[in-house]
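Student: Right, I'll just put the structure down here and ask away after.
In the numbering used here, the protein residues as written are 1 to 578.
Here is the structure:
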């Protein structure tokens, strides 16, 4: 790499001797330069770049800046390290805390993922090494600075996904807006009514509303009178969610905050006269829940969007005057942990200016180190570009994907928004909910479960009951879900009712049906004499035997149902298996 060559040249120019682990072993290198030691061996498959020090009697062990030898001198702090105009050297050289060389080694390892083999000072120990530090600082300046992402997918897709998202596993989705007023059909009501002129929607409006009613007249009826954000946060926390995603704006264009470019079509100017996005965010963070913001790039009937669409998206008036100002406003005002983009499918990402926005988000925004985004940033982006992949609503990959993904599902099987005509048969049952969660996490995904509140801000009791059932299941079995990783086998090869997760050396087998003879047969794990098996939520270990041709036969507790863990799936923890 160009920067590693620069480091080598700078050190050699300062009188240093560099030994590369790829070219010589550490012992040979030490033999050529004098006595010394390496900090740690290079990791297999990694470029070596380790830093240690050599000198007469160890006097140069800290580049004249540490306490390893008789030389008590301290290395000066090189100015201007890291980002231009910032004295970042304090993170590189800290007198009395290991010295310059070891500090430099820590920075190389932390920032670049490299391990240093040897950087040895040639000749007698003296404070010439201070010059070496300055040279290294000059060479490493661009490297030690925070990485800059270019506004192109090759660069943006290389950004590591912040670790919190994969650890979280479970989230709650909330679809709420003016569509909650008619509360009929789905959250696409306006499009079906006035875009497709659906006969059923037109009949519904004639029956329920005065002649000549427009969709805009629904906004004052979106009152949120009973919206209590702290109660929502407590419910979501009890449901076992680690993050919550709220619709800030759906395709209807109504914003749930006082958008500066959505005049009289937002929750502050009309309807609730409240900042719904801000209130919920404050309550969620009080409950230590991560906050995600759903945002639709397009708006069905916005004249600016329709004009751009008419030009085959060769003009960008809607993006420049509406979409981008709102996205920047949301990030700067609410500092979300996640941006869940949608409404992208009609136009390419170049129309939406998606890569420019994401480059700013990753480089310069107040959430650049923690924010997570999905893959809906333009036509043909889905399942190809972005942070995690949604691919499609209610997506199930079937096999383990290479890329982190999320399955979004809804308790109302027919709608994401609240429907007053929803029947009990159309609500997802507890077993289906647990099955979706388990399969998703076993295949490396996150599970985002949706509810649609009423126009008053009430999450109806049947949705609350389902969320609390999910939380009870996770109270018992969460060890097999949160912070887990896919195992080498995701599904038991003899049945589709047993799924695996792992956490370090531990393996979890989650079975969705209780075996009739109370003997669980697992053919995939390879046990050892020291293997231990426990049922999550049940005290004590379980007996097991290894039967040729069948695998592990685990004897489950044979009791009345009441003492058992929840009845919609169970998990056994396997210790000491391969």
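Note that beta-carbon positions come from the ideal geometry of N, C-alpha and C, so glycine has one too.
Residues bridged to residue 338 by DSSP?
Tutor: The residue given as residue 338 occupies position 338 in the chain shown. DSSP output for residue 338 lists 292 and 372 as bridge partner(s).
Student: Please classify residue 434 as buried or exposed, where buried requires at least 16 other C-beta atoms within 10 Å of its C-beta.
Tutor: Within the chain shown, the letter at position 434 stands for residue 434. Counting Cβ neighbours within 10 Å, residue 434 comes out buried, since at least 16 surround it.
Student: Could you spell out where the alpha helix (DSSP H) holding residue 438 opens and where it closes?
Tutor: Counted from its first residue, the chain shown places residue 438 at position 438. That run of the alpha helix (DSSP H) goes 430-442.
Student: Kindly indicate the opening and closing residues of the alpha helix (DSSP H) around residue 363.
Tutor: For the purposes of this step, residue 363 is taken as residue 363 along the chain shown, with counting starting at 1. From DSSP, the alpha helix (DSSP H) with residue 363 extends over 354-363.
Student: Comparing C-alpha positions only, which one of 456, 544, 569 and 487 sits nearest to residue 592?
Tutor: Any answer about residue 592 is impossible in this case: the structure gives the chain only from 1 up to 578.
Student: Pull up the CB-CB distance for residue 542 and residue 531, whole angstroms please, since I reckon it's below 8 Å.
Tutor: Translated into the one-based positions of the chain shown, residue 542 becomes position 542. Translated into the one-based positions of the chain shown, residue 531 becomes position 531. The Cβ separation is near 11 Å, so there is no contact.
Student: Could you work out which residue in 315, 296, 303 and 346 is closest to residue 339 when comparing CA atoms only?
Tutor: Taking the chain shown and counting its residues from 1, the one referred to as residue 339 is at position 339. Nearest C-alpha to residue 339: 296.
Student: Is the beta carbon of residue 381 closer than 8 Å to that of residue 394?
Tutor: Indexing the chain shown from 1 puts residue 394 at position 394. Indexing the chain shown from 1 puts residue 381 at position 381. No, the Cβ-Cβ distance between residue 394 and residue 381 is not below 8 Å.
Student: Rounded C-beta distance between residue 291 and residue 281? I'm assuming under 8 Å.
Tutor: The count along the chain shown starts at 1 and reaches residue 291 at position 291. The count along the chain shown starts at 1 and reaches residue 281 at position 281. Right, the Cβ-Cβ distance comes to about 5 Å (below 8 Å), so this counts as a contact.
Student: Quick one: what's residue 527 bridged to in DSSP?
Tutor: Reading the chain shown from its first residue, position 527 is the one you call residue 527. DSSP output for residue 527 lists 577 as bridge partner(s).
Student: Skipping 5 residues on each side, what residues in its chain have a beta carbon closer than 6 Å to that of residue 436?
Tutor: Residue mapping note: residue 436 aligns to position 436 of the chain shown, counting from 1. Closer than 6 Å at the Cβ level, and outside the excluded window around residue 436, lie 409.
Student: In terms of residue numbering, what span does the alpha helix (DSSP H) encompassing residue 462 cover?
Tutor: Translated into positions along the chain shown, residue 462 becomes position 462. Residues 461-477.
Student: Alpha carbons only, please: which of 167, 165, 215 and 367 is nearest the one belonging to residue 181?
Tutor: In the chain shown, the residue the question calls residue 181 occupies position 181. Answer by Cα proximity: 215.
Student: Ends of the alpha helix (DSSP H) at residue 545?
Tutor: The residue given as residue 545 occupies position 545 in the chain shown. Looking at the DSSP string, residue 545 is not in any alpha helix (DSSP H); the run it does join, the beta strand (DSSP E), is 544-547.
Student: Ordered along the chain, which non-local residues of its own chain (more than five positions away) have a Cβ less than 6 Å from that of residue 461?
Tutor: In the chain shown, the residue the question calls residue 461 occupies position 461. The answer is none, since no qualifying residue turns up.
Student: Identify whether residue 350 lies in helix, strand or coil by the three-state DSSP scheme.
Tutor: Within the chain shown, numbered from 1, the residue matching residue 350 stands at position 350. Three-state DSSP puts residue 350 in a helix.
Student: Can you say whether residue 302 is buried or exposed, counting buried as having 16 or more other CB atoms within 10 angstroms of its CB?
Tutor: Position 302 of the chain shown holds residue 302. Residue 302 is buried by the Cβ-count criterion.
Student: DSSP three-state call for residue 394: helix, strand or coil?
Tutor: Here residue 394 refers to the residue found at position 394 when the chain shown is read from its first residue. Residue 394 falls in the coil class under three-state DSSP.
Student: Among residues of its own chain, excluding the 5 on either side of residue 263, which ones have a beta-carbon nearer than 8 Å to its beta-carbon?
Tutor: Along the chain shown, read from residue 1 onward, the residue named residue 263 stands at position 263. Closer than 8 Å at Cβ, skipping near neighbours: 269.
Student: Quick one, which of 428, 362, 405 and 548 has its alpha-carbon nearest residue 413's?
Tutor: Taking the chain shown and counting its residues from 1, the one referred to as residue 413 is at position 413. Measuring from the Cα of residue 413, the nearest candidate turns out to be 428.
Student: Under DSSP, the beta strand (DSSP E) around residue 521 begins and ends at which residues?
Tutor: Translated into positions along the chain shown, residue 521 becomes position 521. Where residue 521 is concerned, the enclosing beta strand (DSSP E) stretches over 519-522.
Student: Please classify residue 406: does DSSP put it in a helix, a strand, or coil?
Tutor: Looking up residue 406 in the chain shown gives position 406. Residue 406 falls in the strand class under three-state DSSP.
Student: Keeping to the same chain, check which residues put their C-beta closer than 7 Å to that of residue 226; ignore five residues upstream and five downstream.
Tutor: Your numbering for residue 226 matches position 226 in the chain shown. For residue 226, where only same-chain residues beyond five positions count, the Cβ hits under 7 Å are 456, 457 and 458.
Student: Taking only three categories from DSSP, how would you classify residue 85?
Tutor: Against the chain shown, residue 85 aligns to sequence position 85. Any answer about residue 85 is weak, because its pLDDT of 32 lies below 50 and its placement is not dependable; what the coordinates show is given next. The answer is coil: DSSP assigns residue 85 none of H, G, I, E or B.
Student: Which residue from 490, 192, 523 and 482 puts its Cα closest to that of residue 251?
Tutor: Start at 1 with the first residue of the chain shown, and residue 251 comes out as number 251. Closest by alpha carbon: 192.
Student: When the Cα atoms are used, what is the spatial distance from residue 163 to residue 488?
Tutor: If you number the chain shown from 1, residue 163 lands on position 163. If you number the chain shown from 1, residue 488 lands on position 488. Approximately 21 Å between the Cα atoms of the pair.
Student: Please list the terminal residues of the continuous beta strand (DSSP E) segment that includes residue 445.
Tutor: As a working mapping, residue 445 is identified with position 445 in the chain shown. Note, residue 445: beta strand (DSSP E), 445-451.
Student: Within the same chain, show all residues whose beta-carbon is closer than 6 Å to that of residue 522, passing over the 5 residues directly before and after it, in chain order.
Tutor: Within the chain shown, numbered from 1, the residue matching residue 522 stands at position 522. Correct list, in chain order: 509, 551 and 552.
Student: What are the partner residues of residue 172, as DSSP defines its beta bridges?
Tutor: Here the question's residue 172 lines up with position 172 in the chain shown. For residue 172, which the question treats as bridged, DSSP gives the partners 244 and 449.
Student: Nearest-angstrom Cα distance between residue 235 and residue 374?
Tutor: Start at 1 with the first residue of the chain shown, and residue 235 comes out as number 235. Start at 1 with the first residue of the chain shown, and residue 374 comes out as number 374. Going by the C-alpha atoms only, they are around 25 Å apart.
Student: Roughly how many angstroms lie between the CA atoms of residue 113 and residue 355, to the nearest whole one?
Tutor: Translated into the one-based positions of the chain shown, residue 113 becomes position 113. Translated into the one-based positions of the chain shown, residue 355 becomes position 355. Any reading at residue 113 needs caution, since the residue's pLDDT is 40, under 50, leaving its predicted position unreliable; the model's value is listed next. Between residue 113 and residue 355, the C-alpha separation is close to 27 Å.
Student: Do residue 319 and residue 353 count as a contact pair if the criterion is CB distance below 8 Å?
Tutor: By 1-based counting over the chain shown, the position of residue 353 is 353. By 1-based counting over the chain shown, the position of residue 319 is 319. A contact, by the Cβ cut-off of 8 Å.
Student: What is the rounded straight-line gap between the Cα of residue 299 and the Cα of residue 492?
Tutor: The sequence position of residue 299 within the chain shown is 299, counting from 1. The sequence position of residue 492 within the chain shown is 492, counting from 1. If I take the Cα positions, the gap works out to 45 Å.
Student: Taking 8 Å as the cut-off, decide whether the C-beta atoms of residue 405 and residue 389 are in contact.
Tutor: Residue numbering aside, residue 405 sits at position 405 when the chain shown is read from its first letter. Residue numbering aside, residue 389 sits at position 389 when the chain shown is read from its first letter. Against a cut-off of 8 Å, the Cβ pair of residue 389 and residue 405 comes out as a contact.
Student: List the endpoints of the continuous alpha helix (DSSP H) containing residue 280.
Tutor: Position 280 of the chain shown, counting from 1, holds the residue named residue 280. Looking at the DSSP string, the run of the alpha helix (DSSP H) that includes residue 280 is 276-286.
Student: Go through its chain and collect everything with a Cβ distance to residue 540's Cβ below 8 Å, but skip five positions before and after it.
Tutor: Taking the first residue of the chain shown as 1, we reach residue 540 at position 540. Cβ neighbours of residue 540 beyond the five flanking positions: 534.
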